[in-house]
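Colleague: Here it is: the structure, laid out below.
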Amino acid sequence: MTFERSPRGDKPGPASVILPGKTIGILGGGQLGRMTAMAARSFGYRVQVLDPDAACPARFIVDSCITAPLTDASAAAELAKNCDVVTIEIEKIGLAAMRAAAEHAPVHPDARVLEIVQHRARQKEWLVARGFPVGPFRVVRSAEELRKAAEEIAPSGESYLKAAEGGYDGRGQEVLKSPADAEQAWNYLGAEVCVLEQAIELEQEISVMVARRPGREVAVYPPALNHHKDRILDWSVLPAPIPDKLTEQARDLGKRIAESINVIGLLAIEMFVQKDGHLMVNELAPRPHNSYHASERACVTSQFEQCVRAVCDLPLGSVDVLRPAAIVNLLGDLWLKYPQPRFDLALATPEVRIHLYEKEVPKPGRKMGHLSATGATPQEAVGRVIAAKAILDADM
Ligand SMILES: Nc1ncnc2c1ncn2[C@@H]1O[C@H](COP(=O)(O)OP(=O)(O)OP(=O)(O)O)[C@@H](O)[C@H]1O
Ligand SMILES: [Mg+2]
């Protein structure tokens, strides 16, 4: 849909600076694009998105939506022609579409970064080649290769088989209990190239968000502590209540990866904390990340505002935490159980706020929104979102 608007932008700024009044394009119009667009709008930017779904969550926030596949190069070029800068909210953008957009406007992050991260095997090999810590893994292309790989890296334990491309929220993954599950897991997943990972004994999962602007200024958020349920992020809290030393190690690792890959915009680094306290990189995402939704409540600068600042080459905002905050995801399962969840009851919990993405169709495991809460401590903030979610689940 396209709305009428007055001519955009007026006075030009320095070369890479995109001043408010100009137009930001976002490849992808899901919840991450929606919340980035909300931050952009509050700065006075115009926003356009491209998304395959005409009913995408960003649609009410933006000036116009192009409805086209994320691999459509001519649609991406069309978007970029009307924009002063283009960013992304999802990794699954076709590289040809990224390059076509880049002919008309700066695209941050660029196709080179996306090429590395959107393929799990390439991403892991990139990390290993630069000495960043990752768990034992093998790239496999057949059931037979999978069985051999499982015998090598997880002869008597579990392993995770992940499609090299296209997975999210634990989709495109299978857990092997032992190498004997190889054939069944391979057939079930049906991908051409996969990565097999040894199941790591996790003490905790954390993530680090890094923002970089074209002049190379960098901002590294404090780590978030993340709790997954059925391989989908359940709740997340900022700052992670972990020892200072681990916080510093995680921030340093995140910063080094962002600098090494030379990303402009955001880079989220998901990390595993092993039982012995060592850090391992799980995966990279060069965009806003579910585990930093709490930055809207906790930090001086939210990840969405920071994304806008970084891609528009504005000074990065402070990443300081003003008050601990947590989020809990709301999945489609809730709506399938109760078509009208009782948000009125949940909102009675102190310091709780709701964030809904206006998705029309609830599906099991589909992220429809989240609850956030602040608290005097990270533990109190988590307690509040979990209590508020329990009220929704109970429909009291
Ligand atoms: N090798 C592993 N060892 C232990 N746990 C794992 C391993 N790989 C994945 N997991 C668990 O499954 C979760 C999802 O895995 P991963 O991050 O690879 O999937 P994803 O589909 O990309 O998820 P998302 O898009 O939500 O980040 C991890 O956060 C972790 O809880
Ligand atoms: Mg993940």
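Numbering (this note's numbering), first residue to last: 733 to 1128. Think of the CB as a built atom: it goes at the ideal place given N, C-alpha and C, for glycine as much as any other residue.
Can the beta-carbon of LEU802 be found less than 7 Å from the beta-carbon of VAL1013?
Modeller: Against the sequence shown, residue 802 aligns to sequence position 70. Against the sequence shown, residue 1013 aligns to sequence position 281. In this structure, VAL1013 does not lie closer than 7 Å to LEU802 by Cβ.
Colleague: With hydrogens ignored, establish whether the beta-carbon of ILE932 is closer than 6 Å to any heavy atom of ligand 1.
Modeller: In the sequence shown, counting from the first residue as 1, residue 932 sits at position 200. Yes, the beta carbon of ILE932 sits closer than 6 Å to at least one heavy atom of ligand 1.
Colleague: Express the C-alpha separation of PRO954 and GLU933 in angstroms, rounding to a whole number.
Modeller: Sequence index remark: in the sequence shown, residue 933 carries index 201 (1-based). Sequence index remark: in the sequence shown, residue 954 carries index 222 (1-based). Their backbone Cα atoms lie some 23 Å apart in a straight line.
Colleague: I want to know whether the segment 938 to 953 touches the segment 991 to 1002 - three or more CB-CB distances under 8 Å.
Modeller: Yes, the segment 938 to 953 touches the segment 991 to 1002.
Colleague: From the DSSP output, read off the bridge partner residues of ASN958.
Modeller: Taking the sequence shown and counting its residues from 1, one reaches residue 958 at position 226. Bridge partners of ASN958: GLU937 and SER968.
Colleague: Decide if the segment 907 to 926 is in contact with the segment 879 to 898; the criterion is three or more beta carbon pairs, one per stretch, under 8 Å apart.
Modeller: A contact exists between the segment 907 to 926 and the segment 879 to 898.
Colleague: I want to know whether the segment 759 to 778 touches the segment 1015 to 1024 - three or more CB-CB distances under 8 Å.
Modeller: Short answer: they touch.
Colleague: Alpha carbon to alpha carbon, how far is ARG778 from TYR920?
Modeller: Position 46 of the sequence shown holds residue 778. Position 188 of the sequence shown holds residue 920. If I take the Cα positions, the gap works out to 44 Å.
Colleague: I think ILE822 touches GLY762, with their Cβ atoms under 8 Å apart; what is that distance to the nearest whole Å?
Modeller: Within the sequence shown, the letter at position 90 stands for residue 822. Within the sequence shown, the letter at position 30 stands for residue 762. The Cβ separation is near 6 Å, so the contact holds.
Colleague: Give the DSSP-derived three-state secondary structure of LYS824 in the structure shown.
Modeller: For the purposes of this step, residue 824 is identified with residue 92 of the sequence shown, where counting begins at 1. Of the three classes helix, strand and coil, the one that applies to LYS824 here is coil, per DSSP.
Colleague: When you compare the CB positions of GLN1035 and GLY1049, do they come within less than 7 Å of one another, or not?
Modeller: Taking the first residue of the sequence shown as 1, we reach residue 1035 at position 303. Taking the first residue of the sequence shown as 1, we reach residue 1049 at position 317. No, they are not a contact pair.
Colleague: What does a CB cutoff of less than 6 Å around HIS840 pick up in its chain, not counting 5 residues either side in sequence?
Modeller: Here residue 840 corresponds to residue number 108 of the sequence shown, with the count starting at 1. Closer than 6 Å at Cβ, skipping near neighbours: THR819, ILE996, GLY997 and VAL1043.
Colleague: Sort LEU878, CYS797, SER968 and GLU937 by Cα distance to LEU978 and report the nearest one.
Modeller: On the sequence shown, position 246 is the one that residue 978 refers to. LEU978 has its Cα closest to that of GLU937, out of LEU878, CYS797, SER968 and GLU937.
Colleague: Where does the unbroken alpha helix (DSSP H) through ALA1000 begin, and where does it stop?
Modeller: As a working note, residue 1000 is residue 268 in the sequence shown. Where ALA1000 is concerned, there is no enclosing alpha helix (DSSP H), although the beta strand (DSSP E) it sits in stretches over 997 to 1006.
Colleague: In this structure, does DSSP put VAL907 in helix, strand or coil?
Modeller: If you number the sequence shown from 1, residue 907 lands on position 175. Note: VAL907 maps to strand in three-state DSSP.
Colleague: Put CYS1044 into one of helix, strand or coil per three-state DSSP.
Modeller: Stepping through the sequence shown from its first residue, residue 1044 is reached at position 312. CYS1044: coil per DSSP, three-state reduction.
Colleague: State the DSSP-derived secondary structure class of LYS743, mapped to helix, strand or coil.
Modeller: What you label residue 743 is simply residue 11 of the sequence shown in a count that begins at 1. Because the pLDDT at LYS743 is just 48, under 50, the model does not fix this residue reliably, and the point stays unresolved.
Colleague: Is the closest heavy atom of ligand 1 to the C-beta of ASN814 under 6 Å?
Modeller: By 1-based counting over the sequence shown, the position of residue 814 is 82. No, the beta carbon of ASN814 sits no closer than 6 Å to any heavy atom of ligand 1.
Colleague: Since VAL1032 is in the alpha helix (DSSP H), which residue starts that stretch and which ends it?
Modeller: Start at 1 with the first residue of the sequence shown, and residue 1032 comes out as number 300. No alpha helix (DSSP H) contains VAL1032, which DSSP labels as neither H nor E.
Colleague: Going by beta-carbon coordinates alone, are LEU827 and ALA837 separated by less than 7 Å?
Modeller: In the sequence shown, the residue the question calls residue 827 occupies position 95. In the sequence shown, the residue the question calls residue 837 occupies position 105. No, the Cβ-Cβ distance between LEU827 and ALA837 is not below 7 Å.
Colleague: Helix, strand or coil: how does DSSP classify ASN1061 here?
Modeller: Position 329 of the sequence shown, counted from the start, is the residue given in the question as residue 1061. Reduced to three states, the DSSP call for ASN1061 is strand.
Colleague: Assuming LEU1046 and VAL1032 form a contact by the criterion Cβ under 8 Å, report the distance between their Cβ atoms to the nearest whole angstrom.
Modeller: If you number the sequence shown from 1, residue 1046 lands on position 314. If you number the sequence shown from 1, residue 1032 lands on position 300. Contact doesn't hold; Cβ gap of about 14 Å is too wide.
Colleague: Does the segment 790 to 805 come within contact of the segment 865 to 877, defined as at least 3 CB pairs closer than 8 Å?
Modeller: Judged by Cβ distances under 8 Å, the segment 790 to 805 makes no contact with the segment 865 to 877, as fewer than three pairs qualify.
Colleague: According to DSSP, is VAL749 helix, strand or coil?
Modeller: Position 17 of the sequence shown, counting from 1, holds the residue named residue 749. Three-state result, VAL749: coil.
Colleague: On the criterion of 16 or more Cβ atoms from any shown chain inside 10 Å, does ALA808 qualify as buried, or is it exposed?
Modeller: Looking up residue 808 in the sequence shown gives position 76. It counts as buried.
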